[in-house]
Structures are given as C-alpha cells and as structure tokens.
Amino acid sequence: MSIKFENVTKTFGDTRVVDDLSLEIDDGEFVVLLGPSGCGKTTTLRMLAGLETVTTGDIYIGDERINDVPTQHRDLAMVFQSYALYPHMTIAENIAYPLRVRKLDKNERAKRVNDVAAMLEIESLLDRKPRQLSGGERQRVALARAIVREPRAYLMDEPLSNLDARLRVQMRGELKRLQHQLGTTTIYVTHDQAEAMTLASRVAVMKRGKLQQFDTPLNIYNHPANRFVAEFVGSPSMNFIDGRIDGGVFMSELIRIPVTKENTNQITIGIRPEHIRVLNEPQNGAIAATVYVTELMGNETFVFLTVGNNRLIARAPAEFRADVESPVWLRIVADKAHFFDTRTGLSI
Amino acid sequence: MKHRFSKYVALSVALAAALAPVYWMFTISLKSEIDHFASPPPWFNFTPTLEHYYEAFVTRSFGQYLITSAVVAVISTLCALVLGTFAAYSLARFRLPYNLDSRLSMWILSTRMFPAIVTAVPLFLMMRDLRLLNTKAALIIVYTAFNLPFVVWMMRGFFDEVPRDLEEAALVDGDSRMGALFRVVLPLVAPGLAATAVFCLIVSWNEFLFALVLTQTDASMTLPVGIAGRVTQYEIKWGVMSAAGAVAIVPILVFAMAMQKYLVRGLSMGAVKG
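The listed protein sequences correspond, in order, to chains Z and V.
Per the numbering used here, the very first residue in the first sequence carries number 51; after that it's consecutive.
Per the numbering used here, the very first residue in the second sequence carries number 4; after that it's consecutive.
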C-alpha cells in the first residue's frame with residue numbers, strides 16, 4: 051500500500067521532534083529513513099504505527115487517513131530493534147501470535163507458521179523459547195512474526211543494529227531479497243548509511259526532525275541536497291574545504307582547484323575520498339600535503355592528510371604506502387566536486 | 004571450614020528464635036491443662052491430648068471462625084488483586100495530565116502512612132450506617148481497601164520491569180490493549196502477582212484490629228478475634244487458644260509453600276531480565 055505523510059509535526063513538550071514532514075511512499079517501495087540519533091526517524095515510524103500520536107498533519111495508508119485509527123486496526127507489521135519477542139511463548143507461538151489474535155483457525159495457523167519458518171530456515175527452533183536463541187535467530191523470528199500475515203506495510207526500526215558486523219551484512223542481503231520476493235511496502239529506520247544505500251529504493255535523510263532529501267540512493271550519493279546529506283552518506287565522509295572562487299579557480303590557503311563556477315567570495319567545496327588521488331611524487335598542478343596517518347583496510351587504504359589547516363581523507367589502493375608525516379601530492383577530480391553555500395549548507 | 008561452621012550457628016539461632024514460639028504454642032495445644040502451668044515446663048515428656056482441639060472446634064465455634072477467616076481473606080485478596088493490578092497497570096503505562104500519575108501513586112501510598120487505628124472509629128460508624136456491622140462484607144471491604152495500596156505499589160514495580168516494546172509489538176500484531184495485557188503482560192508478571200497474593204492473604208488472614216472493631220457475633224468473627232476472645236476476666240483458655248492457633252497457621256503455610264517457587268522469583272524479579 052502507498053503511504054503518505056502530509057505536513058506531519060510531532061512535539062514533545064517544547065521540542066519539535068518531527069517538523070513539517072511530507073513524504074509520499076509508493077506501493078511496494080523500500081524506503082529507508084536515515085539520520086543520526088534524535089533526528090525523528092523512529093518517532094516518524096512510531097507515528098505511522100500508531101504508537102505515538104500525531105501533533106499536527108495527516109498520515110494516509112492508501113486513501114485512508116489513519117491519524118485516529120488505533121494501532122491494532124492499522125494492519126501493519128513491525129520489527130523492533132529489541133525484537134520484542136514474547137519471552138513466555140515458544141517460537142511457534144510467537145510467530146502465530148498475529149494470527150491467533152485474528153482468530154485464525156488452528157490448522158491454518160500451524161500451516162502458515164511452518165511455511166514462514168521454512169522460508170527463514172528456523173524450523174528447528176519452533177519449540178524453543180526466545181531466551182534459548184542467539185541474536186541472529188531472534189532476529190529471524192521477529193521477521194517471521196512480521197511476514198506471517200500480509201500486512202499493508204512492514205515497519206522496521208533498526209532491526210539489524212543488535213547483530214555483529216558479519217551477521218548484519220548477511221541479514222541485510224536476506225532482507226532485501228525477502229522484500230523483493232514479497233513486494234510489500236517497507237519502511238526501514240536506520241542510522242547506518244550503508245544499510246540505507248544497499249536496501250532502499252529511496253532514502254529519506256532526516257536531521258533534527260526535518261526532511262533533508264528524499265531520493266534514490268544513487269542521487270543521494272551523487273547529488274546531495276546539502277552539506278549535511280553529503281557528509282552523512284558515504285564512508286569515509288566527504289571532505290569539505292571552505293574557500294572562494296576567483297577566475298575559474300577554487301582557492302583556499304594552500305589549495306587551488308580549477309572549477310567551472312562563477313566567482314564568489316564564500317563557498318564550500320565537497321570532495322569524496324575516492325576523488326582524491328594520492329601521489330608519492332610531485333606532479334604538475336598537484337597539491338602538496340602531509341600524511342597524518344594511513345589505515346589499511348585490506349582492499350584499499352584510507353589516507354588521512356593535512357593541507358595547511360585542512361584535514362582531508364583520501365582513498366588509495368591497498369598497495370599505497372607512506373610514513374606518517376611524509377610529504378605526498380594530491381590530484382583532485384574537479385568535475386566530481388560538489389559545491390555548497392558556506393552559510394546555508396545548500397548545494398549549489 | 005570455620006566460616007561455614009559460624010554460618011550454621013547463625014542459621015540455627017535464627018531458626019530457633021523463629022520457631023520457639025510456634026513450638027511452644029503447638030506443645031501447649033497438646034498438653035493437658037495441668038501441664039500448662041508445671042514448673043519447670045515439660046518440654047517433651049508429656050502425655051499428648053486432643054481435648055483442646057475438641058473443645059475449640061466441636062464444643063466451641065472455632066470451625067465457624069475458620070471458615071469466616073478463609074472467606075474474608077480469599078475474597079478480599081482477590082478483590083485487591085483485581086482492582087490493584089488494573090490500577091497499577093494504568094499508573095505504570097499511561098501518562099496522565101498534570102503529573103497526576105505520580106501524584107496518584109503517592110496519594111495511594113499515603114493511605115498506608117498513618118496508623119490503622121486512626122480509621123477504626125470512622126470505619127465503625129460508616130459500617131454501622133451501612134448496616135454492615137457483624138458481616139463478612141464489612142471485613143472484605145476494609146481488607147480490600149487496606150491491601151490495595153500494597154498491591155498497586157508491588158504490581159506497578161513488576162509492570163515497570165516489562166519492556167514496553169512487548170506490548171507495542173502485541174498492539175501492532177493486531178491485539179487490543181486488554182488482549183496485550185492478558186496475553187503478554189500478565190503472564191510475564193505472574194510470579195509477582197503470586198508473591199503479592201501471598202502477602203495480601205497473610206495480612207488479611209492475620210488481621211485483628213478491624214475484625215475486633217467490626218465483628219462481635221460468632222457468625223461474623225474471624226479466627227484471630229475468636230482466639231483473643233478466650234482471654235476473659237475469669238480465665239485464660241491457653242489450650243483452646245493454642246489449638247486454634249496451630250490450626251490457623253496451616254492454610255497459610257500450605258499456600259505459601261505451594262507458591263514458594265513464585266515467591267522467590269517474584270521478589271527478585273528485577274534482578275534477572277528474561
């Protein structure tokens with residue numbers, strides 16, 4: 051089902067947790083709400099679930115305005131960060147719970163539980179209690195409980211954040227596959243930009259209750275609407291250098307980059323780490339820099355650099371070697387640079 | 004080794020101190036009247052007799068008192084548990100305007116802060132006007148009222164231990180508030196509920212003051228009042244009192260033992276998260 055937020059605001063006391071949020075999510079989309087903690091993404095999800103009231107504005111599922119519909123009648127399924135498995139019930143009873151409260155007949159219930167368990171490969175766990183399960187297994191059970199019926203949408207609140215790194219990547223893939231298989235609208239909350247990039251058909255980036263940008267992962271990465279989005283998405287983060295443009299050249303104390311922009315006294319240039327080439331030898335037009343530290347990641351090396359007062363990060367091949375404090379030279383891929391208004395942070 | 008020895012000594016002393024009065028009461032209930040006043044008292048070598056039990060439960064109305072006590076204790080405990088559990092759930096889960104939820108909690112607790120005797124006279128007058136003197140209903144109402152604050156505070160603590168996520172999950176799964184309470188929350192606080200029930204039952208079973216003030220007839224009197232009534236200006240029926248006392252211990256003992264596994268879990272619930 052399609053979902054629509056129309057000028058939704060949520061205040062707790064004097065704090066605006068969600069500020070005038072408008073969002074249209076198409077049927078079958080996988081939308082990720084992305085942002086740092088306290089940005090209002092979880093509150094947004096909880097308003098949709100009916101676990102928080104809406105202060106002003108409207109929320110629609112399909113054509114139905116659901117502001118005043120109680121949670122249990124919204125026909126959504128949710129996966130909680132804590133998984134929220136019922137500790138006193140077996141796994142089978144946990145998964146069957148949404149069917150039980152809908153008074154589905156016993157045989158049908160058992161059949162559906164078995165189908166879902168098979169789909170998520172947890173058949174062998176059905177008779178156990180949640181506390182006997184590992185984190186990854188609990189995660190699957192929580193997922194099974196959500197998909198055992200066909201809700202209008204799945205809501206997921208940082209469902210992978212309690213898993214270890216390896217399992218997280220594995221579950222991420224399975225989630226994406228599962229959503230593709232089921233085709234049900236999914237809204238997924240996370241602060242992990244890698245999850246957002248890999249899972250989403252569209253990403254909504256939020257900051258302090260305000261929607262910053264709502265677009266496909268590729269556009270978010272390549273055309274960030276403002277400095278915040280540019281900085282938040284991508285790892286390691288984009289480099290920012292304050293400076294001015296004069297006669298087709300961006301200038302900041304020691305850095306000179308030829309650009310095709312009009313003259314301005316105040317501008318911030320943003321360069322992704324992969325658009326900085328680090329050279330061990332001086333080259334015509336290259337910028338002199340000093341190595342602060344290098345981090346070998348296995349398949350590549352992150353090079354932390356200082357250029358005057360600026361700190362930059364560059365991605366280099368794994369073979370790149372340089373000692374701390376040794377001189378290096380940088381070539382910047384100027385046509386991949388982003389420009390931001392230094393004052394407002396908006397993309398130019 | 005020495006450490007363990009001292010532990011057993013300490014335990015034995017504590018046990019002896021706790022059980023000595025019970026032992027004394029039990030032996031008196033089995034001794035003939037002549038042995039009650041022997042000096043030194045015969046600790047073990049006396050001829051046991053059941054005459055006091057016969058007198059208490061056959062000649063006199065202690066059987067009736069026992070039934071009254073049981074009815075009053077059980078019904079008032081049930082009432083306090085039902086009302087108190089719902090109240091505690093609301094206080095634990097819903098935020099009321101003007102900070103009312105925490106104020107109400109304090110207010111409820113404050114009813115336990117003054118000595119019970121303060122309310123004896125007003126309660127007597129109220130029950131008289133309601134024509135409830137010498138009825139079980141009077142005691143049930145009063146005991147329910149006095150157990151309520153205890154139930155509310157105990158259960159509120161247990162409800163606070165249950166993660167909100169679980170209820171929210173139940174709601175999203177399509178259950179109603181009530182359904183979530185009965186299917187998810189209550190099963191999780193069941194040990195706490197059992198522990199609370201035991202305490203309520205003990206308090207109601209042993210209550211003396213209000214029973215004395217509000218009931219005077221054989222048909223409405225509870226066991227503690229009945230036992231105390233055997234201290235008269237002419238004689239003190241030690242044997243009958245002890246026999247009745249010995250019987251009075253049994254139901255609570257059995258109930259508490261049946262609930263023991265919950266008692267331990269209930270009282271230490273916050274310690275281990277499920």
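Note that CB positions come from ideal geometry on N, CA and C, so glycine has one too.
Because the structure is a prediction, the values reported are computed rather than measured.
8 Å Cβ shell around residue i - same chain, five flanking residues per side excluded
i	result
E171 of chain Z	R190
S251 of chain Z	E79, F80, V81 and T266
P45 of chain V	K34 and D38
Cβ neighbours of residue i in the same chain (closer than 6 Å, five flanking residues each side left out)
i	result
R7 of chain V	none
V216 of chain V	A123 and F127
G107 of chain Z	E56, N57, V58 and T59
F29 of chain V	A249
P51 of chain V	L33
D177 of chain Z	T140
P118 of chain V	none
K276 of chain V	Model confidence at K276 of chain V stands at a pLDDT of 42, short of 50, so the residue's coordinates are unreliable and nothing is read from them.
L210 of chain Z	R218 and M221
I111 of chain V	P152 and V155
Y133 of chain Z	R188 and A192
Buried versus exposed, by CB contacts within 10 Å (16 or more), residue i
i	result
E158 of chain Z	exposed
G63 of chain Z	exposed
I37 of chain V	exposed
L99 of chain V	exposed
A274 of chain V	Note that A274 of chain V scores a pLDDT of 41, beneath 50, so its modelled location is shaky; the value from the coordinates is reported in the next line. By the 10 Å Cβ count, A274 of chain V comes out exposed.
F161 of chain V	buried
K161 of chain Z	exposed
I252 of chain V	exposed
Q220 of chain Z	exposed
T234 of chain Z	buried
L14 of chain V	exposed
H123 of chain Z	exposed
V353 of chain Z	buried
H230 of chain Z	exposed
Contact under 8 Å by Cβ, residue i with residue j
i	j	result
T71 of chain V	K139 of chain V	yes
D77 of chain Z	N57 of chain Z	no
L205 of chain Z	L98 of chain Z	yes
T220 of chain V	N137 of chain V	yes
G335 of chain Z	F390 of chain Z	no
M288 of chain Z	A280 of chain Z	yes
V11 of chain Z	V328 of chain Z	One cannot answer for residue 11 of chain Z here, as it falls past the ends of chain Z, which runs 51 to 398.
A246 of chain V	P227 of chain V	no
M256 of chain Z	G112 of chain Z	no
A244 of chain Z	S184 of chain Z	no
L73 of chain Z	F278 of chain Z	no
T92 of chain Z	D207 of chain Z	yes
G232 of chain V	V151 of chain Z	no
Span of the beta strand (DSSP E), counted from its first residue to its last, around residue i
i	result
D292 of chain Z	N289 to D296
P377 of chain Z	P377 to I382
Q263 of chain Z	K260 to D265
G320 of chain Z	T314 to I321
M256 of chain Z	R252 to K257
T344 of chain Z	I337 to L346
M128 of chain Z	L126 to V129
M301 of chain Z	V299 to S302
Y92 of chain V	Here Y92 of chain V belongs to no beta strand (DSSP E); instead the alpha helix (DSSP H) covers F65 to R96.
Spatial neighbours of residue i in its chain, beta-carbon cut-off 7 Å, leaving aside the 5 residues before and after
i	result
A83 of chain V	T147, N150, L151, V154 and C203
L193 of chain Z	V129 and L170
E170 of chain V	A183, V187 and V188
D292 of chain Z	S302, T318 and T392
P166 of chain V	none
Residue i, enclosing alpha helix (DSSP H) - first and last residue
i	result
E245 of chain Z	Q243 to L249
S87 of chain Z	No alpha helix (DSSP H) holds S87 of chain Z; DSSP gives it neither H nor E.
G186 of chain Z	G185 to I197
R277 of chain Z	R277 to F282
V219 of chain Z	A215 to L232
G229 of chain V	L226 to A231
D132 of chain V	A123 to D132
T147 of chain V	K139 to E164
R152 of chain Z	Unbroken run through R152 of chain Z: none, as it is neither H nor E.
Those residues which DSSP pairs with residue i across a bridge
i	result
I75 of chain Z	Z:I53
I252 of chain V	Per DSSP, none; premise fails for I252 of chain V.
M206 of chain Z	Z:V129 and Z:Y238
E350 of chain Z	Z:P367
F213 of chain V	None, per the DSSP bridge assignment.
F389 of chain Z	Z:I319
M356 of chain Z	Position check: residue 356 of chain Z holds Thr in this sequence, whereas Met was assumed. Paired residue(s): Z:T340 and Z:R361.
Residue i: contacting residues in chain A (beta-carbon distance under 9 Å)
i	result
E164 of chain V	In the structure shown, chain A cannot be found, because the protein chains are Z and V.
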